[in-house]
């Protein structure tokens, strides 16, 4: 059960809102290029997840990312890390709310903003759940999503046309930020230590690797099924554009499963952010809950509802800042982290990865200003 809880909470955090925007992002550039990006981001994500686990498992006490930054890089770095961590979490939770509102609107036909408010309020009420309960919820609610994607792929297979994959490039790096977001399960790594215990170092590495592999396989099936049917007309939430290939009942079921998917991911992010405020800043639990709940719903009400842009910025910029701090901490603690990983860290590895993630963040920011 501990292994299932650990696998469940990590897979549950990884497979979230990002999966629904992946087909749309793949429609913006040639398929082979996007496959290359997919593999590159997958490898990068495996390395960074293991690196973060190495820091967490070799540091005593309970902390979240800003707390580790404070320990190894000092209070000034912690302040910057806290700001960007909170903004990234708020952006992710905002994206979950947008998707939740879209799916509720698809099923019940209610107003988009009313649906979003309902989603945020109901989700935030569960921020007080314990980590092991969130892990079980994530695991059990991930299963219906996986089953739906497999069944949907079989259903639409006869409607897949090879010409839909012949896509001309118009935004070659759109998929980068969304892929980075889609493979991000970093917030669950501290919880993995709480669930599995601090002594076992081999099991979390295996769970991290297989969780990311499982997510990658599901993503590829979903991308090729949706893109093969919709082509350039794929919708940002993927499911709406399949109305011609799926009968209404399956589309409704898909939207319902989509709600559960983003709902449990929203709960996981909100609970983790609440624990960050509680553990690293010793803020009272109720106040930490308010700090976790209010910003995303306020941004939603102010009209920040461009799902693809939000996911792309949160993924590329959020990971860029996160990765820079993570690489600096790993180098400072390289002996212990190398011992955890089972191989020696090389400075040129960390330097090249740092340059690449910074470049990825900058191109996303400039692309946002240009387009």
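Residue numbers (the UniProt record's numbering): 1 to 371. Here a beta-carbon is modelled for each residue, glycine too, at the ideal position from N, C-alpha and C.
Buried or exposed by the 16-neighbour rule on C-beta atoms within 10 Å, applied to residue i
| i | result |
| --- | --- |
| residue 284 | exposed |
| residue 238 | buried |
| residue 289 | buried |
| residue 282 | exposed |
| residue 206 | exposed |
| residue 371 | Because the pLDDT of residue 371 is 42, which lies under 50, any placement of that residue in the model is unreliable, and the number read from its coordinates should be weighed accordingly. The residue is exposed, with fewer than 16 neighbouring Cβ atoms inside 10 Å. |
| residue 333 | buried |
| residue 202 | exposed |
| residue 23 | buried |
| residue 287 | exposed |
DSSP-derived helix/strand/coil call for residue i
| i | result |
| --- | --- |
| residue 306 | coil |
| residue 200 | coil |
| residue 295 | helix |
| residue 49 | helix |
| residue 236 | coil |
| residue 158 | helix |
| residue 82 | helix |
| residue 289 | helix |
| residue 255 | helix |
| residue 183 | coil |
| residue 334 | helix |
| residue 7 | helix |
| residue 111 | coil |
| residue 264 | helix |
| residue 25 | helix |
| residue 58 | coil |
| residue 342 | coil |
| residue 371 | Note that residue 371 scores a pLDDT of 42, beneath 50, so its modelled location is shaky and nothing firm can be said. |
C-alpha gap between residue i and residue j, whole angstroms
| i | j | result |
| --- | --- | --- |
| residue 349 | residue 252 | 46 angstroms |
| residue 234 | residue 41 | 22 angstroms |
| residue 88 | residue 312 | 11 angstroms |
| residue 353 | residue 341 | 17 angstroms |
| residue 277 | residue 44 | 28 angstroms |
| residue 270 | residue 153 | 31 angstroms |
| residue 335 | residue 212 | 25 angstroms |
| residue 176 | residue 140 | 29 angstroms |
| residue 272 | residue 167 | 39 angstroms |
| residue 47 | residue 261 | 26 angstroms |
| residue 4 | residue 21 | 27 angstroms |
| residue 232 | residue 265 | 28 angstroms |
| residue 300 | residue 337 | 40 angstroms |
| residue 111 | residue 65 | 37 angstroms |
| residue 2 | residue 196 | 6 angstroms |
| residue 53 | residue 109 | 43 angstroms |
| residue 126 | residue 90 | 16 angstroms |
| residue 347 | residue 149 | 41 angstroms |
| residue 8 | residue 151 | 21 angstroms |
| residue 194 | residue 82 | 22 angstroms |
| residue 155 | residue 146 | 14 angstroms |
Option in the options with minimal Cα separation from residue i
| i | options | result |
| --- | --- | --- |
| residue 200 | 58, 329, 11 and 26 | 58 |
| residue 159 | 262, 227, 31 and 271 | 227 |
| residue 26 | 326, 308, 328 and 83 | 308 |
| residue 170 | 29, 2 and 314 | 29 |
| residue 302 | 98, 20, 11 and 150 | 98 |
| residue 280 | 19, 48 and 86 | 86 |
| residue 34 | 319, 314 and 220 | 220 |
| residue 116 | 215, 53, 296 and 19 | 296 |
| residue 120 | 267, 63 and 257 | 267 |
| residue 113 | 360, 107 and 101 | 101 |
| residue 218 | 31, 38, 306 and 173 | 38 |
| residue 360 | 287, 187, 323 and 122 | 323 |
| residue 165 | 77, 173, 31 and 69 | 31 |
Contact belief for residue i with residue j at Cβ below 8 angstroms, rounded distance in angstroms
| i | j | result |
| --- | --- | --- |
| residue 316 | residue 364 | 4 angstroms |
| residue 104 | residue 208 | About 33 angstroms separates the two Cβ atoms, so there is no contact after all. |
| residue 142 | residue 12 | 5 angstroms |
| residue 431 | residue 183 | Residue 431 is absent from the structure shown; the chain starts at 1 and stops at 371. |
| residue 73 | residue 325 | 7 angstroms |
| residue 55 | residue 329 | 6 angstroms |
| residue 144 | residue 257 | 5 angstroms |
| residue 185 | residue 345 | About 21 angstroms separates the two Cβ atoms, so there is no contact after all. |
| residue 318 | residue 84 | 7 angstroms |
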